[in-house]
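2 protein chains.
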Amino acid sequence: MLKKYILTPGPTAISEDVLIEHGRPLIHHRSPEFGNIFAEVLEKLKKLYRTKNDVFVLTSSGTGAMEAAVANSFKKGDRVLVASSGKFGERFKEISEEFGLEVIHLDYEWGSAVNPEDIRERLEDDNKIRAVMVPFSETSTGVINDIESIGDIVKDYPAILIVDAITGLVTTDLETDKWHLDIVIGGSQKGLSAPTGIAFISVSDKAWKLIDQSDLPKYYFDLKAARKAMQKNPPQTPWTPGISIIVAMNRALDILFEEGMERAFERHRAMANASWAGAEALGLELLVAEPGSRGFSTTAIRVPESIDGKELVKIMRVKYGVTITGGQGKLAGKIIRIGHIGYVGMFDIIIAFSALEMVLSDLGFKFEVGAAVSAVQKAFMNNNYFNI
Amino acid sequence: MLKKYILTPGPTAISEDVLIEHGRPLIHHRSPEFGNIFAEVLEKLKKLYRTKNDVFVLTSSGTGAMEAAVANSFKKGDRVLVASSGKFGERFKEISEEFGLEVIHLDYEWGSAVNPEDIRERLEDDNKIRAVMVPFSETSTGVINDIESIGDIVKDYPAILIVDAITGLVTTDLETDKWHLDIVIGGSQKGLSAPTGIAFISVSDKAWKLIDQSDLPKYYFDLKAARKAMQKNPPQTPWTPGISIIVAMNRALDILFEEGMERAFERHRAMANASWAGAEALGLELLVAEPGSRGFSTTAIRVPESIDGKELVKIMRVKYGVTITGGQGKLAGKIIRIGHIGYVGMFDIIIAFSALEMVLSDLGFKFEVGAAVSAVQKAFMNNNYFNI
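Residue numbers (the working numbering), protein chains in the order written: chain E, 449 to 836; chain B, 449 to 836.
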């Protein structure tokens, strides 16, 4: 018997309450019973997004919603600006190129944030840019981008702003309408801690104007078909959706609003702060050097030169039962990523750093055993979030 | 308290054993634990498909897998032949047109089967046809097409054969390799009675040759990306999959093989035979006039002229708790469809016809109460399937 803990940037552990909803018998997706649940979920997603725009529910991973954003918004040959510093930002570039768009790529060092002023400069120079695509929380590095500033810039140009908020939603305040975000993408399996398989995507009036002119091929991800189905009473999806996941999401959204969104943001911030303190107490370097660019969903830590990050992750999972993730792409083996997103409390961070200490010790790294754990404890003890 | 029964052509009721698997805590999709389950599921799907081809798992509805077949197999402007007689066959046409293909449509009356010889004639006349697309079991009418004969024809031409077997798999024998079927599409929520949200697609060597030349845009449904991920050890998916659904499918596939595939086909045949007898005992007409064209997943029954089919379906659900489906597209209001697919036994058919009798009586239709139920009982009593 080895107790298992999932502390990855997603999928995230599902709470017992949500698992029970998820395990309920099937209800038919064309029944009023499901329609009423779906209507509730759609309203709750709008509250989460802080938007009056429609939020659509797709049965796919977040990547499917990224494809939906691209395939619905453009005409072949359209020019788009991708601003990114990690694997998921690059995915926007890959999808856009696959669909025949011309991509200008503002490519920052992995671990740095996007500079909003660079976006302004490009938009100022080039009125043919139809969209800016940028990740909010870049899951491969833990960076958070300043979407509020980017939104404030893009709103004055013809381009729309497409935001991958998959690990950003729930972990950090995001104001879809106030920040002028045209398309915002989220997923069921991240901050909401619902099962994997559902993505969401909000669409502004400015984006609909582009969608109306789009000539790229789409069928499964056709947002006009989704809109038509959603306008029925009760609302529907054009194709059979992941019914049980949506039912589970309804409970997960309730749990979020019972906690309160502001409290949820503060909780994620507290988890992140404690994790940074834990890493620093071990003398390890955080990948994101600039504190203001560190997101609250994921802490990326550079692995000491002498240690293979992949080996570290493997031992942590096999010997200690704690699943974290390593680096992706060019950071493979060089960093570890501790996810503190969704259904996560303070003792999960204690577990993560306790296990990390034990693995580092197994691998011969020299440090004072307990240093990280006590630093994490102190961070929590000094955090106002926990003063009730 | 109103006990609920789902007897639709899908999604189908999930068995308690599968629901329990589905409600388990999350395992990470990059963990060896999930990888091993996924490897098992892939092997079991090959057994279900009776194929040596790879079977890919997509997180989407069956429509997503239909799009995958189209977007991966063709070049812009390619000519394809769609042979169909219902809503789901027409979906092949819609997707193909959306992706810029030239579609020749062999369009049969809804309720009739496709004539394989018409396909031979078209292929003989036109060597530019790159594919034939046809549904196995047409869910909107209950028709089953003679895919064995169509496969025997198409194999001698350059065209590939793409089969929508979404409600055909598990309900009726399907031999992917022996029948020369190049691409076969299935879904989690039909004969397998697993939760909604996963589709499968098998790909033959002949189809891979087309896929290698394809220039249509695809990213989320890219089968080359799926193949690359599946070749890892243990196998993976390129994007985050519907993890819990795949875990549930693993149990559902075990349950199928414990029953035995031949027994499952015979069970579905027995359910269909009894349903036809029930309808006929009420003096109602089956939509599929030709007995040899009636599939075993769904019985479509013409509603008497005096009765609104939509009203019938609604009363059956609201007053009696039994969910069946009405007609789609041009058959809306004119037929009802009783699904007897997946986790269905003889008393489910008794329930369906008992409820149908009571609704028909509510709506003033004249018949001898008990006629359908007793006909269903007699059909079961005379069926060898139940002699154990």
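Using N, Cα and C, we set each Cβ at its ideal position, and we do this for glycine too.
List, in order along the chain, the chain E residues whose C-beta lies closer than 8 Å to that of residue 771/B?
476, 479
Whole beta strand (DSSP E) runs in the stretch 629 to 686 of chain B with 3 or more residues, listed along the chain?
631 to 635, 646 to 651
Could you say which of 836/B, 568/B, 629/B lies nearest to residue 715/B if we only look at CA atoms?
836/B
Only counting the same chain, and skipping five residues up and downstream in sequence, which positions put a Cβ closer than 7 Å to that of residue 499/B?
624, 625, 650
Using a Cβ-Cβ distance under 8 Å, would residue 643/E count as near chain B?
yes
By Cβ distance, which residues of its chain are closer than 8 Å to residue 707/E, with the 5 residues on each side in sequence left out?
715
What residues from chain B crowd round residue 691/E, counting only those whose CB sits closer than 9 Å?
459, 637, 643, 644, 645
Can you tell me the Cα-Cα spacing of residue 675/B and residue 501/B, whole angstroms?
Their backbone Cα atoms lie some 11 Å apart in a straight line.
Answer yes or no: does any C-beta atom of chain B fall closer than 8 Å to that of residue 537/E?
no
For residue 600/B, verify whether its CB is less than 7 Å away from any heavy atom of the ligand PLP.
Ligands displayed in this structure: none; no statement on the ligand PLP is therefore possible.
Distance check for residue 477/E and residue 621/E, CA to CA, integer angstroms please.
32 Å
Kindly indicate which three-state DSSP category residue 733/B falls into: helix, strand or coil?
coil
Tell me whether the beta-carbon of residue 823/E lies closer than 8 Å to the beta-carbon of residue 805/E.
no
Can you confirm whether residue 547/E, when its beta carbon is compared against all beta carbons of chain B, has any partner nearer than 8 Å?
Closer than 8 Å: yes.
Report the residue from 684/E, 825/E, 515/E, 559/E whose alpha carbon sits nearest the alpha carbon of residue 668/B.
515/E
What is the rounded straight-line gap between the Cα of residue 704/B and the Cα of residue 711/B?
9 Å
Is there a C-beta anywhere in chain B that falls below 8 Å from the one on residue 667/E?
yes
List, in order along the chain, the chain E residues whose C-beta lies closer than 7 Å to that of residue 572/B?
What residue 572/B touches in chain E: nothing, since even the nearest Cβ is about 30 Å away.
Give the residues of chain B in contact with residue 467/E, contact being defined as C-beta atoms less than 8 Å apart.
471, 472, 473
Which whole-angstrom value describes the C-beta separation of residue 735/E and residue 589/E, a residue pair presumed to lie in contact below a C-beta threshold of 8 Å?
6 Å
With a threshold of 8 Å between beta-carbons, can residue 588/B be considered close to chain E, or not?
no
Please state if the CB of residue 610/B and the CB of residue 564/B are separated by a distance shorter than 8 Å.
no
Strictly below 9 Å CB to CB, what residues from chain B border residue 664/E?
665
Would residue 818/B be called buried (16 or more neighbouring beta carbons within 10 Å of its own) or exposed?
exposed
Residues of chain B with CB under 9 Å from residue 511/E, in chain order?
667, 668, 686, 687, 688, listed in chain order.
Using a C-beta cutoff of 8 Å, does residue 462/E count as contacting chain B?
yes
As a quick exercise: from 520/E, 586/E, 455/E, 471/E, pick the residue whose alpha carbon is nearest that of residue 661/E.
520/E
Considering only DSSP beta bridges, list what residue 787/E is partnered with.
746/E
In three-state terms, what does DSSP make of residue 522/B?
coil
Does the beta-carbon of residue 766/E have 16 or more other beta-carbons within 10 angstroms, so that it is buried, or is it exposed?
By the neighbour-count rule (16 or more Cβ atoms within 10 Å), residue 766/E is not buried but exposed.
Against residue 783/E, what residues of chain B qualify as contacts under a CB-to-CB distance less than 9 Å, listed in chain order?
Near residue 783/E there are no residues of chain B at all, since even the closest Cβ is about 15 Å away, more than 9 Å.
Can you tell me the Cα-Cα spacing of residue 534/E and residue 741/E, whole angstroms?
Residue 534/E and residue 741/E have their alpha carbons spaced roughly 13 Å apart.
Which residues of chain E have a Cβ atom closer than 7 Å to the Cβ of residue 508/B, listed in chain order?
507, 508, 668
Look up residue 504/B in the DSSP assignment and give the residues it is bridged to.
Per DSSP, the beta bridge partners of residue 504/B are 649/B.
Using a Cβ cut-off of 8 Å (strictly closer), state whether residue 550/B contacts chain E.
No, no contact with chain E.
With a threshold of 7 Å on Cβ separation, who are the neighbours of residue 459/B within its own chain once the five nearest residues in sequence on each side are excluded?
637, 644
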